[in-house]
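Student: First the structure, then my questions, so here it is.
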Amino acid sequence: VRARRSSLALVWTIARRELRDTLRDWRIVTPILVLTLVFPWLMNWTAQLAIDFVQQREAAIIGERLIPFLLMIVGFFPVTFSLIIGLETFVGEKERRSIEPLLSMPITDLELYLGKMLSATALPLLGGLLGIAVYLAGLYLSIGYLPSLQLFVQIVLLNVVTAVMMVSGAVVVSSQTTSVRSANLLASFIIVPTALLMQGESIIMFWGYYDALWAILVAVALITLILVRMGIHSFNREEILGREIDELNLRRSLRLLGHYFASSPARLPAAEGPARGPGLLPWLLRVYRRDLPYLLQHNWMPLAMVALFVLVAVALGWALVDDYPLPPGSLALQNLSRQDFDSLSNVSFLPSLTTGGILFHNVRVLLFAALLAVISLGVLAVLMLMVPMGLVGFIAGQVAAQGQDPLTFLAAFVLPHGLLEIPAAVIATAFALRVGASLTAPPEGVTVGENLLAAVADLVKVFLFLVVPLLCLAAFLEANVTPEIVLWAYGG
C-alpha cells in the first residue's frame with residue numbers, strides 16, 4: 217500500500233508540474249476560458265432562437281432534440297484543447313530541450329506516462345464541465361429547461377471518455393514522433409474519427425435514441441483503454457532521446473512485407489534479408505499444408521471474438537423486431553418468380569446477381585473493412601460485419617412475426633451460399649482485427665511498424681489463398697444455386 221501511495225504521489229508530482237506550466241501559457245488558458253464562459257452563452261442564445269423558430273412552425277420536437285446536442289457541443293469544445301496539450305507532452309519538450317531532466321527523474325515509465333496524461337486532460341476537461349454547468353444554468357434561467365438525469369450523466373461521461381481518448385491517442389503520437397509539426401499532421405488520425413463519432417452521436421440524439429449512447433460510451437471507453445495500454449507498452453524514454461528524425465523507408469517496408477509474406481508465420485522473421493524458397497509450387501503446398509492451418513490455429517481468439525459478435529448481431533437484429541414491426545403482408549414470400557430476382561438489378565445499392573458482381577462486391581467490402589481496421593484498432597471492421605448479420609436476424613425475426621417459418625427462410629435465402637460466405641467474412645474480419653490490434657502491443661524487440669507489416673502479410677496470405685476461393689464459390693452459389701432453391705421453396 218505504501219508503494220502504491222508513493223507511486224501515485226510521483227504521478228501527481230509530474231501532473232502538477234505540467235499543469236503549472238500550462239497555466240502560465242496564456243495561449244492555452246485564454247481560449248479555454250472563452251469557450252467555458254462565452255461559448256455557453258452563445259449556445260444558450262442559439263437554443264432560444266431555435267425554440268422560438270420551431271414553435272412558430274409547430275415543430276417543437278426539433279428544439280427539444282437540439283438542446284441536448286448543443287449541451288454536448290458546449291462540453292466538447294474546451295475538451296479539444298486536450299489534444300493540443302497531449303501532442304506537446306513529449307515532442308514539445310524535446311524541441312524546447314527540456315525533456316532530458318524530466319526523463320532522468322527516478323520514476324518509472326508508467327508513472328511518467330500517467331502523469332503526462334493526467335496533466336493534459338485535467339484543465340480542458342474541467343473547462344468542458346464548467347461550460348456544461350454554465351450552459352445549463354443559462355437554459356434553466358431563460359426557458360426553464362433541465363435534461364433528464366440519465367441524459368445529463370450520459371453527456372458528462374461521453375465528454376470525459378472522449379477527452380481521455382483524445383489525450384491517450386495524442387500522447388502516443390507525441391511519444392513516437394520527433395517534431396511538433398509531424399505530431400500535428402498525425403493528429404488528423406485522432407480528429408477525423410472523433411468528428412465522425414460526434415456526428416453519429418448527434419444523429420442518435422436527434423432521433424431520441426438516448427439508450428444507444430450507453431453502447432457508444434462503452435465502445436469509446438474500450439478504445440480508450442486500448443490506446444492507454446498501447447501508449448504504456450510502446451513508451452520508452454531511451455528511444456525518445458535517441459530518435460532524431462522520422463524516416464519512411466518505403467522500399468525497406470515493401471521488402472520487409474514481402475519477406476513476411478513469403479516466410480513461414482511460425483515466428484516473426486528477421487527484419488532484414490529476402491526470403492528465398494524452393495519454388496512457387498512447393499511454396500504453395502507449404503502455404504496450404506502448414507501456413508494456413510498454423511495461422512487459423514494461432515489466431516483462434518480473434519476468430520472466436522468475431523464469431524461471437526456475429527451471433528450477437530443476429531440476436532440484436534431479432535430483438536428489434538418488436539420495436540420496429542413491418543406492416544402485415546410486407547414480406548409476402550409466396551409465389552416468387554424469376555422476374556423478382558431480375559428486378560434486383562434495378563436496386564442501385566445491391567450488386568448484380570452474377571458471380572462476378574457478387575464476388576467484386578464482397579471482396580471490395582472486406583478490403584475496405586481491413587483498411588478501416590488500421591485506423592480504428594479493428595473496431596470498424598467488426599462493426600461492418602455486424603451490420604449485415606444484424607439485418608439477417610432482423611428479417612428472419614420479421615418473417616417469424618408474420619407467421620412464416622424463419623428456418624425455411626434462412627435455409628433458402630442464406631444457407632446455400634452463407635455456409636461459405638459467412639466463414640470467409642469471419643476469417644477476413646478476424647485477421648483485420650488482428651491488424652488493428654498489432655498497433656497496440658508489439659512483441660519485445662519488434663517495432664510497431666514491423667509488427668503491423670507482419671500482421672498485414674498474414675492477412676494478405678489468408679485473404680488470397682483462403683478467403684477469396686471461399687468467396688468465389690459462395691458467389692457462384694449465390695448467383696446460380698440460391699435463386700433456384702428460393703424458387704423451389706417459395707415459388708408458385
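With the sequence shown counted from 1, adding 216 to any position gets you this note's numbering. Yeah, the Cβ is synthetic: ideal placement off N, Cα and C, and Gly gets one too.
(1) Among Y540, M259, G594, which one has its Cα closest to the Cα of F285?
(2) What is the DSSP secondary structure of L655, counted as helix, strand or coil?
(3) Where does L547 fall in DSSP's three states?
(4) Please return the same chain residues whose Cβ sits closer than 7 Å to the Cβ of E488, not counting the five positions on each side in sequence.
(5) Kindly list the residues whose CB is nearer than 6 Å to the CB of L226, restricted to its own chain and excluding five residues on each side of it in sequence; keep chain order.
(6) Whose C-alpha, out of F692, L239, D325, I348, is nearest the C-alpha of W257?
(7) Which class does L552 belong to by DSSP, given the choice of helix, strand or coil?
(8) Assuming S384 and V444 are in contact, meaning their beta carbons sit under 8 Å apart, how far apart are those beta carbons, in whole angstroms?
(9) Are there 16 or more other CB atoms within 10 angstroms of the CB of M517, so buried, or fewer, so exposed?
(10) If I measure Cβ to Cβ from P481 and keep anything under 7 Å in the same chain, skipping five residues before and after, which residues do I get?
(11) Throw me the rounded Cβ distance for the V537 and K677 pair, which I believe falls under 8 Å.
(12) Would you report the Cα separation of S398 and V389, rounded to the nearest angstrom?
(13) Kindly indicate which residue of I591, I267, L686 has the alpha-carbon position closest to the one of G634.
(14) Hey, F255 and V295 are a contact pair by Cβ (cut 8 Å); roughly how many whole angstroms apart?
(15) Roughly how many angstroms separate the alpha carbons of T229 and D237, rounded to a whole number?
(16) Under the rule that 16 or more other beta-carbon atoms within 10 Å means buried, what is T440, buried or exposed?
(17) Entirely within the segment 499–541 and at least 4 residues each: give me those alpha helix (DSSP H) ranges in chain order.
(18) If I measure Cβ to Cβ from V574 and keep anything under 7 Å in the same chain, skipping five residues before and after, which residues do I get?
(19) Specify whether the segment 423–434 and the segment 363–371 touch according to this definition: at least 3 beta carbon pairs, one from each stretch, less than 8 Å apart.
(20) Might you give, ordered along the chain, the residues of its own chain that have their beta carbon closer than 6 Å to the beta carbon of I301, omitting 5 neighbours on each side?
(21) Hey, would you say G529 sits closer than 9 Å to L601, going by beta carbons?
(22) Hey, out of L282, S469, I267, whose CA is closest to F422's CA?
Tutor: To lay it out plainly:
(1) If we check each option's Cα against that of F285, M259 comes out closest.
(2) coil
(3) coil
(4) Interpretation of E488 is limited by its pLDDT of 48, a score under 50 that renders its predicted location unreliable; the figure taken from the coordinates is listed afterwards. Nothing meets the Cβ criterion.
(5) I323, E327
(6) I348
(7) strand
(8) Contact annotation, S384 with V444: C-beta distance approximately 5 Å; criterion of less than 8 Å satisfied.
(9) exposed
(10) Counting only Cβ-Cβ distances below 7 Å, and skipping sequence neighbours, we find D507, Y510, L511, D674.
(11) Contact doesn't hold; Cβ gap of about 40 Å is too wide.
(12) S398 and V389: Cα-Cα distance of roughly 9 Å.
(13) L686
(14) Contact doesn't hold; Cβ gap of about 12 Å is too wide.
(15) Rounded to the nearest angstrom, the two C-alpha atoms are 13 Å apart.
(16) buried
(17) 508–514, 516–535
(18) Checking the sequence shown, residue 574 turns out to be Ile, not Val. Closer than 7 Å at the Cβ level, and outside the excluded window around I574, lie P567, A691, E694, A695.
(19) yes
(20) The residues are A336.
(21) The question names Gly, but residue 529 in the sequence shown is Ala. Result yes, Cβ atoms of A529 and L601 sit closer than 9 Å.
(22) L282
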